[in-house]
Amino acid sequence: MSRKRKPQITITVDGVEIGCEEGVMLHDAAKDGDVEIPVFCYEPKLGDPVGACRMCLVEIEGIPKLQTSCSTPVRDGMVVYTQNDRVKEAQNAVVEFLLVNHPLDCPVCDKGGECPLQDISMGWGEGKSRVTDPKRHFQKPIPLSPLIKIDRERCILCYRCVRFSQEVAEDEQLQLLERGPKTFVGTYNDRPYVAPFHGNIIELCPVGALTSQAYRFRARPWDIEDAGSVCTLCPSQCNVKFTVRDEGVVRVLGRDNEEVDDGWLCDKGRFGYQMFSSGDRPTSPQIREGGALREASWDEALEHAARGLTEAHGKVAAIVGGGASNEEAYLLQRIVRGPLASTDVTGGAHAALPAAARRALADPSLAVSTSQIDDANAILVVGTDPMHEMPILELRIRKAVRRRGADLLVATERPTALDGGSAVGTSGCLEAKRYAPGAAADFLEELVGEVREGESEFAKALTGADDAVVVWGESVTAGPDGERAAAALLALAAELDLAGQESGGLYEVPADANGRGIREAGASQNTGPGLTDASAGRSAAEIRDALESGELEALILWDVDPVRDFDEPEAWSRAIGASNFTLSASMFGNASGQNADVHLPAETHAEKEGTVTHPDGRLQRVRPSIPHPGNAGPLWQALTGLSAKLGDETGAGTAQEVFELLEQDSPLYSGMTYDTIGGTGQRWQESGGAIEGAIEGGAPEGGPSPAAPEPAAGALRLGTYHDLWADYVSERNPALEFLSPDQTVELSEATAKSLGVGNGTEVIVTGDNDRSLRAHVAVRHRIPDDVCFLIEGTRENAANLLSGASTVTIAEAPPEPEEEQTFGTSEREKVEW
Amino acid sequence: MPETRMLFRHIDDPELRTLEGYKRRGGYAALEEVMRLREPEELLSELEQCGLRGRGGAGFSMGKKAGFLPRGEMQKYLCCNADESEPGTFKDRELMWKNPHQLIEGIAIAGIAADTTKAFIFIRGEYAEVGDVLDEAVAEAYEAGLLGEGILGSKETVDLVVHRGAGAYICGEETALLDSLEGKRGNPRLKPPFPAIQGLYGGPTLINNVETLMNVPHVVNNGADWFKSFGTEQSTGTKVVSVSGCVKRPGNYEVELGIPSRELIYDLAGGPIQGEVKAWYPGGSSAPVLGPEELDLPYTFEDMADAGSMLGSGAIIVADESVSIPHMALRTARFYHHESCGKCTPCREGTNWTVKMLERVVRGEATPMDLDIIASVQENIIGHCLCVLGDAMAMPVASMVKRWRGEFEETIAKAREAAPAPLDTEPAIATPIGVGA
C-alpha cells in the first residue's frame, strides 16, 4: 500500500472510458470499470500472470492478434473490445476446448453452484457442444492428501494449484506430470501432499477437481450461508468466511484481506472447525457439588463464583489464555484489580517486560503493518519460526523475498523452514545464524555491535536496506535475559533508524493468538489497559508458587491450560490443587480445569463476539456466526454478570459497550468503535491511538548473564519449540488428527551416530535435573551438533516435563513390555508417516 | 541450377571437423578480424544491413534482434537453438556434425557483438553424437584461446556450454528452451517480456538458430554487400534446405534463396518417386501445405508467405501421388498432439480433439459435417495460443482440409464401405509411406 501510486490514465473498454492506474493489468482495470472479463488461470495472489487458459482474450486496437487481458498492462489511450464478434468467437472457442475433456458431472459435483467453469460456460460459452468423441479418463476421486481428494477428469489444467505450491507456499510438492492432453496434477511418486498451507488449493481450484475431504458432499451452495469472522487459533488472525449449514460450521474459506492474510489460510484454520460441534464440549456452566461437577444455570454459577472469589479476600489471581478477546481480557483485569482487590492478573506463561520497555517496543513509529513487509528490502527473522508460530506470516515473508527481492536473514535456535534452502530463481535466505537455546539476548547484543561497526555481511544487509523489518518472536524476551533482549532490540531499531523508515520497523510474533490484545487490554502483570502503568502483580510462575505456599487462595483460569502448556507441569498440578477456589473457562475439559469449582463453557471463534488485536496493532472483529451450543453463552456477558455480582456494575449490555469501556480506559484504542473497525479491521497506530507513560527502556542492570556452561561430555543443550500441530486443535479435529505429533527429539546426524540411534529410535531424554521423558529420534541435518530439540505441548511427553533442565542426555529406551505382538508396522514407519 | 555453397563449402571434407582443418580452410579469420578491427556497434549494424533472417523458422532479422538487447552492465546471454525438432528438418544436424567450428566462430562473434559473455548451445537430446562432436570442438576452441576469458588475447569473453535437451519438440520454442535450460519443465513463457529483454535467468538473451549463427562469419569476412548479392531483396544469402518425403534423393541442399522451388524438388532432390508432386510442405511440417500449382514460386520468405504458407526452417517435405492426404493430416496432427506441452487450452485440447476427429475420418466414422468442425477448430486454435505450437498443427491441417476436402470425403466414404467397424474397436491405421518422420 505504501508503494508510490502510478499516474492515472484513461482507457476505453467497449466504448466506455475507464480511469485506472498506469501499468495495472487490463483485466483488473476493466473490472474496476465494471467490465467482467472471464479468467481461469489468472489470480493476482499467485504472482505474475501465466496466460495459460486463454479465456481472457480481448481485442486491442493496433495489435493484430487477440491479447490475454490478464497479462497486458494498460497504456494511456488503449482501446479495447471485450464483446465484439471476434472476441466472442474466441471466448466460445476456449470454453468449448475446456469442455472437450470436462466430464460435465455438475449434478453430482461438489463445486456445482459455485463453480467458475459453470458460470463462465453459461456467460461466455456457446451453450451447446460439438464434441462427440470420448473424454479422457482417470481413476477418481483419489486422495491427493489425507485432506484433499483430486478428480483429474474435472481438472481443466489452469495451473493455479501448482503455482500455489511452487510460488506461494514454495513447498514444491505439486507438479504437472506428463504432457499435452495427458497432463495431470500430481506429486512425485504419488506421495501424499502434506504441507501446512495446502488447503488453499481447494479454494483456488476453479472446478470441482480438488475437494475437501471433510466438506465433500456435506452441503450444496443453496443450503449454506457465509458468515465472516476472524480465526483466533494463532496470532495470524486470518480473515475467514464460515460456511454455515443448519447452524453448524461445515467449511472455512479465506476472506481476502491484503492487510492481514493476502487471502490465504493455513490448514489449522481451514480444517479446525470440526471441533466446534464436538460432543466433548461442555455446553453449560457447571459447579462443583459434593466433589463432582453438575450443570447449573448461569446465574447460579456466577453467584457461586462470586462467592468463592470474594472469600479469598484479595488473594486471587487470574491467568488469561491466548484465545480470549480484548473484551474478556479487559473485563477480567477490571474484576481482579477492582472488586477482587488483587494485582495478580496476567496473560501468558512468561514474566512481563517492564512497562516502559513494553511501551517502547509498541512505539507507533517503530511499528510496521503486515502489508508493509511486502515492501521491505531486508527482513530479519529472530527467535521465531513463523511456519509454526504465525503461519501466514511465513507466506508474507516468502512473497517479499520471491517477488520483491527482499534480503532475508534468519537467526534462531532451531533451523526454520524459511532458511531451508532456496528455490531456483529466487534469492532465498541470504544467511541463517544459529544461537544456543536461551541466548537470544547475547545474539542481539552482538548484532547491535556488528551493525555499529558495519563489518559483517549480515549486518550490512540490514544497514544497507532502505526499509528493514525485524520480525521477532515473543520467546526472545521471555527468558531470564528478556529485558536485555528487549533493550538490544530497541538498540538495534535505533541503530538502523527503523523509526525513520517508511516501511521498516519491529514486528512482534506473540506467543498467543491474541497475545497483543490481551496485553493491551490490560491483562498483564504490570500494565493496565493501553499499556498504562499498573501496580505490579505476579507472573504466572510466581502465581504458581504463591498458590502452593498459600499466599494466594483462589484462581481464575481463563481459557488456559498451564499444566499442559506452562513450565513445571507437576508444580502447576499441585498449585491448582492447593487453590481453595478455582474458576475456569475452557472449550474442552483439560488437566488444569479438573478441580475447578466453577467451570464455564468457552466459546469458539465461530460463536464469540468481540475484538482481537493483530500483532501489527490491527483490531479486528470476531463475529458470532453460529449460535452457542446448548446453554453456553457469550463469555463477555458472563464477565459483566460476575462483575455485577461482585458489586461493580459495568453497565455494558453488549460486547460493543464493553469495547467502549476499554476504549475509554485505553489511550491506544482511543476513538475506535466497532463501526470504525468494520469488516477489515483498523490499526490503532493509524487511527489516533497513542501511548501514554514513560517509554525510556533504559539499559537493564546487571549486564550479560554468565554464559551457559558447556554441556558435560555426552550431554546436549536442550532447546524446545512450538509445533504448529502440537495442541488441542489437531487432537479435537478428526481431519487434522493425523498431524498431531508424538514427541520427537531432533538430533544432528553426527550426534545420532555417536549415540548409536537413528530415525525412529525410541529414547529416554533425561535432563540435568533428573527429569526425563520418552521420545522418538528424528535426525535433521541442519541441527547443530551440540543441541537437541523437543516439542512443546504434545499430548504426552511434552517438553515442559523437563523444565529447568538446560542440558540433557539421551539413551535408547529399554523395550517396553509388549502387551501384544504387532506385525508389520515398525516404529520407523510410524514416525515417517 | 547447382547449389550455392557457403556454409556447405568443404562440407564433406572430414578434416573440417577439427580446429586445424577448419583453420586451414579459412576458419576463425572472421573472429580474428573482429578482434583486430571491429567495434561491436559496427558488427551489429553490419549484421542488420546484410539482411540475414533467422533460419530457425520465424525469419526475423538477426541483426535487429541482436540490437534489441539493452546496453550496459548486466549479465547477458546467448543461446544457440540447436533443438532442431521440426519434422522434415535436419540441416543443423549435418552442419554441426561436419562443421562445428563454424558455429563456434559464429557464436563467439555474435557474443562479442551483443556483449553476451555467457553462451549456450541447446542441442536436442537425440543428437547425442553431434553433441559429442560439439563438446570436442568447444574443448579445442577453449584450448586455442578462441573461447573463454580473453579471446585471442583480447578483453573479450565468451563462455560456451553445450547443453543437451531431453527430447521435447516444445523446447525448440525459444522461451520453453530457456525454462528447460534453467532446469524447469520446458513450457513456453508468456511474451512479452521477450527474451531479448528478460530471458535466461532474467537476463537479456539473444537466441539464434544454428544456421543463422553460422552465417555470421561469412558476413564478417565478406561484408554485408557481398552477402546481399545472394538471394532476393528480402531474403538474402543462401539457405540449407532439407528435402525429404517422396523424393528420389532426399538430403540437405544449400541454395541461393529465390531459386524456383521446382528446381529444389525436381533437379536437386531428384523429383517424386511415384508420378507427380501432389502436395508439399515448404517449411517443415508446421507450414501450410502447398500443391503443384505453387511449385514454380521462388523459394523465398516472401513468396512462401504470399502463397499462404511459410519458408519456416527451410524443410521441404514432398508427398507424391501415392500419399493419402487425410492420413498425412492425421500423422501431422498426431505429432503436435504428442508434443503439445499442455500449458494453454487451445493447443492442448485442440490438438487432442483434432486427432480424435481425424482418426474418425480415416476409420470412416466421420461425416462431412465433421470436416466443417475440424476446419472450425483449426480456426479457433490459430492465433489464440500461448506459443505457436498450436498454430503449427492447425495451419497445415486447415490447409489440407480446405484444399483436399474432396479427398477427405472420399476417404470417409471408402473407409466406411471397406470396414463398417463397430464403434468400440480401433482399426490399426497404416502409416503412410513417405511422410516425413
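First to last, the protein sequences are chains A and B. Note that my numbering gives residue 168 to position 166 of the first sequence, counting from 1, and the numbers run on in steps of one. Note that my numbering gives residue 417 to position 230 of the second sequence, counting from 1, and the numbers run on in steps of one. Where a beta carbon is used, it is the ideal one built from N, C-alpha and C, also for glycine.
Rounded to the nearest angstrom, the Cβ distance from A/Glu733 to A/Arg797 is 6 Å, consistent with a contact under 8 Å. Judged by DSSP secondary structure, A/Thr74 falls outside any beta strand (DSSP E); it is assigned neither H nor E.
For A/Phe791, the nearest beta carbon of chain B is not closer than 8 Å to its own beta carbon.
Residue nearest to B/Pro391 within the set B/Gly254, B/Gly537, B/Gly354 and B/Arg518 is B/Gly254 (criterion: CA-CA distance). Within the stretch 394–458 of chain B, the complete beta strand (DSSP E) segments of 3 residues or longer fall at 425–432 and 438–443, listed in chain order. Per DSSP, A/Thr584 is one residue of the beta strand (DSSP E) stretching across Phe583 to Ser588. Contact note: A/Ser167 does not reach chain B at a C-beta cutoff of 7 Å; the least C-beta distance is about 13 Å.
Residue ranges of uninterrupted alpha helix (DSSP H) with 4 or more members, entirely inside the stretch 272–304 of chain B and ordered along the chain, are 278–285 and 287–301. Taking 8 Å as the cut-off, the beta carbon of A/Gln745 is found no closer than this to the beta carbon of A/Leu670.
The C-beta distance from A/Val26 to A/Val60 rounds to 15 Å, too long to fall under 8 Å, and the pair is not in contact. If you ignore the 5 residues before and after A/Ala501, its C-beta comes within less than 6 Å of the C-beta of Ser367 and Leu368, all in its own chain and listed in chain order. Under a 10 Å Cβ-count criterion, B/Thr399 is classified as buried, with 16 or more other Cβ atoms of the shown protein chains found around its own Cβ. Between B/Gln421 and B/Gly458, the alpha-carbon positions lie close to 28 Å from each other.
Within a 10 Å sphere around the beta-carbon of A/Gly524 sit 16 or more other beta-carbons, which makes this residue buried. Taking each of B/Met582, B/Val588 and B/Cys534 in turn and checking the Cα distance to A/Glu98, the smallest one comes out for B/Cys534. In the structure shown, B/Arg242 falls within a coil segment according to DSSP collapsed to helix, strand and coil. A direct Cα-Cα distance of roughly 13 Å separates B/Val320 from B/Gln289. Contact between A/Ala608 and A/Ser231 holds, since their C-beta atoms are separated by about 7 Å, short of 8 Å. The beta carbon of B/Thr532 falls within 8 Å of a beta carbon belonging to chain A, placing the residue at that interface.
Secondary structure at A/Lys270: helix, using DSSP grouped into helix, strand and coil. Taking 8 Å as the CB threshold, B/His350 stays off the interface with chain A.
Looking at B/Asn395, B/Asn396 and B/Phe381, the one whose alpha-carbon comes closest to that of B/Gly389 is B/Phe381. Cβ proximity to chain B below 7 Å picks out Ala95, Val96, Phe99, Leu100, Val102 and Asn103 from the stretch 94–109 of chain A. Within the same chain, and ignoring the five residues on either side of B/Ala520 in sequence, the residues whose Cβ sits closer than 8 Å to its Cβ are Thr538, Thr541, Val542, Leu545, Met580 and Val584. The Cβ atoms of A/Arg154 and A/Ala211 sit closer than 8 Å to each other. Taking a C-beta distance under 8 Å as the contact criterion, B/Ile310 and B/Arg376 do not qualify as a contact pair. Burial of B/Leu218 is indicated by the presence of at least 16 other C-beta atoms within 10 angstroms of its C-beta.
Burial of A/Asn328 is indicated by the presence of at least 16 other C-beta atoms within 10 angstroms of its C-beta. Nearest C-alpha to B/Ala383 among B/Ala553, B/Glu207 and B/Phe247: B/Phe247. Cβ-Cβ separation between A/Thr84 and A/Val15: approximately 6 Å, consistent with a contact (criterion under 8 Å). Under the 8 Å Cβ criterion, the stretch 299–315 of chain A counts as touching the stretch 546–560 of chain A, having at least three qualifying pairs.
A distance below 8 Å between beta-carbons, with the five flanking residues on each side excluded, links A/Asp78 to the following residues of its chain, in chain order: Ile11, Thr12, Ile13 and Glu24. DSSP places A/Leu206 in the uninterrupted alpha helix (DSSP H) bounded by Asn202 to Leu206. For B/Met544, the chain A residues whose C-beta falls within less than 8 Å of its own C-beta are Asp135, listed in chain order. Annotation: A/Leu718 to A/Gly806 spans about 14 Å, alpha carbon to alpha carbon. Residues of the same chain with a CB within less than 6 Å of the CB of A/Pro223, apart from the 5 flanking positions on each side, are Gly115 and Glu116 in chain order.
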